[in-house]
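See below for the structure under consideration.
There are 2 protein chains.
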Amino acid sequence: MAALKYSRQRESIKEFLMTRTDHPTADTVYENMKSIYPNISLGTVYRNLSLLSDLGEIKKLASFGGADRFDGRVEPHCHFMCTECGCVIDLETEDMQDIMKRAGEHFNGIITDCSARFFGMCEDCMKKEKN
Amino acid sequence: MAALKYSRQRESIKEFLMTRTDHPTADTVYENMKSIYPNISLGTVYRNLSLLSDLGEIKKLASFGGADRFDGRVEPHCHFMCTECGCVIDLETEDMQDIMKRAGEHFNGIITDCSARFFGMCEDCMKKEKN
DNA sequence: GTGATTGCAAATGTTTTGCAGGTTG
DNA sequence: CAACCTGCAAAACATTTGCAATCAC
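Shown next, in the form of structure tokens:
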């Protein structure tokens, strides 16, 4: 069992994700980290994102079509992706526990987690559409 | 606008997906197609899966962690993935339209599609756990 | 015959991994 | 100093694409 040791890089990656609400990809994290650690490698970014995700300190949003995205917000919540511009937005939805409970009613296994994604067109793209 | 032409390969791929309920990956489809068309290429499988998905004749289940999976069942329904064995099972859940409607209540864009995934342990893995 | 489809192979994009050196506790 | 972590580069995957030959209409 690997004991965890402090790393500036990991700390910065987590802090960075906390400030963002747009669910950046590993590459975006990497680009932003470079301004603090010019020599940081993409491998380190991936390793830390994966580690933080395993620890439950961040959430990995498995493929919305392209590269995986990462979310500093860990409470269960839903996501919306605009099929026009590709942006990913948090949705304030009803209690996820409730959805999970109802989904498991006709199922013989155990449901412990849930990820709901909605697709459509975001507010900004709808405005552009009108022009 | 490309006019669609018949292809045996595409037909077989669709038929194959209709017979399966385990949401195979492109590679699994490819392996199975090889018994009918020994020279079929993986590229052809990907091209046809993508085409069928665009036509709405099959559903692409974007990354459950590894490779994308494909589903011959197109009515809206939820999926469960076992974090132990990786199997993906259909879930009979409440009306998806209803979930979409409620998710959009505090949202200014338009929601047109939804994909809900549940995670946990499947019945088979629970039995093995007990031993 | 025209244009869509195919097999093949090479290219692309994303993520993981081996290794030698540096850092943490 | 032992174990973890890093940067770098190569490898591993999944998927897409260019091309010349083939097939459907």
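Residue numbers (UniProt numbering), protein chains in the order written: chain A, 1 to 131; chain B, 1 to 131.
Backbone N, C-alpha and C define an ideal beta-carbon position, used for all residues, glycine too.
Distances from the alpha-carbon of I58/A to those of K14/A, V29/A, C122/A, M126/A put K14/A closest. Residues of chain B with a Cβ closer than 7 angstroms to the Cβ of A103/A are, in chain order, C78, L91, T93, F118.
In this model, I89/B and F118/B are separated by some 10 angstroms (Cα to Cα). No Cβ of chain A is located within less than 7 angstroms of the beta carbon of G56/B. In its chain, beyond the 5 residues on either side, Q9, Y30, M33, K34 have a beta carbon closer than 8 angstroms to the beta carbon of I40/A.
When beta bridges are read from the DSSP output, I111/B appears opposite G120/A.
The C-beta of A3/B has fewer than 16 other C-beta atoms within 10 Å across all chains shown, which makes the residue exposed.
Cβ-Cβ distances below 8 angstroms link L91/A to H77, C78, H79, F80, F118 in the same chain, with the five nearest sequence neighbours on each side left out; the list follows chain order. In the three-state scheme derived from DSSP, where H, G and I count as helix and E and B as strand, L55/A is classed as helix.
Judged by their CB atoms, C114/B and C87/B are not nearer to each other than the 7 angstroms cut-off.
Residues of the same chain with a CB within less than 8 angstroms of the CB of D68/A, apart from the 5 flanking positions on each side, are T25, A26, K60, L61, A62 in chain order. Here DSSP, grouped into helix, strand and coil, assigns C85/B to coil. The beta-carbon distance between G120/B and G109/A, rounded to whole angstroms, is 6 angstroms. This is short enough to meet the 8 angstroms contact definition.
Contacts between H106/A and chain B, judged by CB atoms closer than 7 angstroms, involve E92 in chain order.
Relative to the Cα of D124/B, the nearest Cα in the group S7/A, T44/A, A116/A, F107/A belongs to F107/A. Relative to the Cα of F70/A, the nearest Cα in the group T21/A, M126/A, N131/A belongs to T21/A. The C-beta of T112/B comes closer than 7 angstroms to at least one C-beta of chain A. Comparing C-alpha distances from G66/A to each of T19/A, T28/A, E129/A shows the shortest one belongs to T28/A. If you compare the alpha carbons of T19/A, M96/A, Y6/A with that of N48/A, the shortest gap goes to Y6/A.
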